[in-house]
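Asks: Just passing along the structure, written as structure tokens.
In the numbering used here, the protein residues as written are 5 to 122.
The following block contains the structure:
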């Protein structure tokens with residue numbers, strides 16, 4: 005991401021330069037997924053897996069199917085890069101103002117020292 009995040013801007017028009025970056029990203033994810041599944045499942049075949057997945061998509065939990073499809077969703081990809089750029093430029097979402105730290109110590113609680121006496 006460090007290599008390409010400056011290429012992305014938050015305009016409605018998508019640059020042609022995004023295409024090879026996106027294609028490389030999809031290829032990288034597909035190779036990683038296939039490598040991991042091949043290591044875990046003897047005889048795994050990605051083409052057969054993809055075919056079966058599409059045939060039985062109603063049987064696959066929606067969140068898993070959506071996650072797998074999001075890997076090839078260009079707009080989700082672009083948004084990921086825009087979020088990363090905002091974070092790198094210090095414009096990321098800062099939730100620290102909404103955090104409250106509260107002590108969990110109770111008054112009247114007896115602390116037992118390392119000697120086992122109170």
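Where a beta carbon is used, it is the ideal one built from N, C-alpha and C, also for glycine.
Contact check, residue 8 vs residue 25 under 8 Å by CB: the rounded distance?
Replies: For the purposes of this step, residue 8 is identified with residue 4 of the chain shown, where counting begins at 1. For the purposes of this step, residue 25 is identified with residue 21 of the chain shown, where counting begins at 1. With a Cβ gap of about 5 Å, residue 8 and residue 25 count as contacting.
Asks: At which residues does the alpha helix (DSSP H) containing residue 68 begin and terminate?
Replies: Numbered from its first residue, the chain shown carries residue 68 at position 64. Run containing residue 68: 66 to 74, per the alpha helix (DSSP H) assignment.
Asks: Checking 8 Å against the spacing of the C-beta atoms, do residue 41 and residue 75 come in under that value?
Replies: Taking the first residue of the chain shown as 1, we reach residue 41 at position 37. Taking the first residue of the chain shown as 1, we reach residue 75 at position 71. Contact flag unset, no.
Asks: Between the C-alpha atoms of residue 20 and residue 72, what's the straight-line distance to the nearest angstrom?
Replies: For this step, residue 20 is matched to residue 16 along the chain shown. For this step, residue 72 is matched to residue 68 along the chain shown. Going from the Cα of residue 20 to the Cα of residue 72 covers about 25 Å.
Asks: CB residue 5 to CB residue 85, shorter than 8 Å?
Replies: Position 1 of the chain shown holds residue 5. Position 81 of the chain shown holds residue 85. Contact flag set, yes.
Asks: Buried or exposed, going by whether 16 or more other CB atoms sit within 10 Å of the CB of residue 39?
Replies: The sequence position of residue 39 within the chain shown is 35, counting from 1. Label assigned to residue 39: exposed.
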